[in-house]
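Per this note's numbering, the very first residue in the sequence shown carries number 25; after that it's consecutive.
Here a beta-carbon is modelled for each residue, glycine too, at the ideal position from N, C-alpha and C.
The structure displayed is predicted, hence computed values, not measured ones.
A short write-up of the structure that comes next.
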Amino acid sequence: MAVHCHNTPGLPGETLSEIHDMLTLALDATARPSGYSQGEREARSYMRTALRRTQTLLEGRV
Numbered sequence: 025m026a027v028h029c030h031n032t033p034g035l036p037g038e039t040l041s042e043i044h045d046m047l048t049l050a051l052d053a054t055a056r057p058s059g060y061s062q063g064e065r066e067a068r069s070y071m072r073t074a075l076r077r078t079q080t081l082l083e084g085r086v
């Protein structure tokens, strides 16, 4: 029998905290005072979106 995402529990809070920390570190590591290429802007935008969604999950607003 197939296991579907709606039948399984969510990620543990510790895992979400680790993901949050990794996204924060990735954004910090790629930050720079000069401009970004289009690809870098897009990548950083996706990281910020993932960071916001992770924060929402950690706060239990889902």
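Item, Value
"Cutoff 7 Å; reference Leu81; Cβ partners in own chain excluding five residues on either side", "Leu40"
"Member of Thr78, Met71 and Arg76 whose CA lies at the smallest distance from the CA of Ala53", "Met71"
"Ranges of the alpha helix (DSSP H) found wholly within the stretch 36-78, counting only runs of at least 4", "37-54"
"Alpha-carbon to alpha-carbon, Ala50 and Met25", "Reliability fails at Met25, whose pLDDT of 43 lies under 50, so the model's placement of it is uncertain and no value is given."
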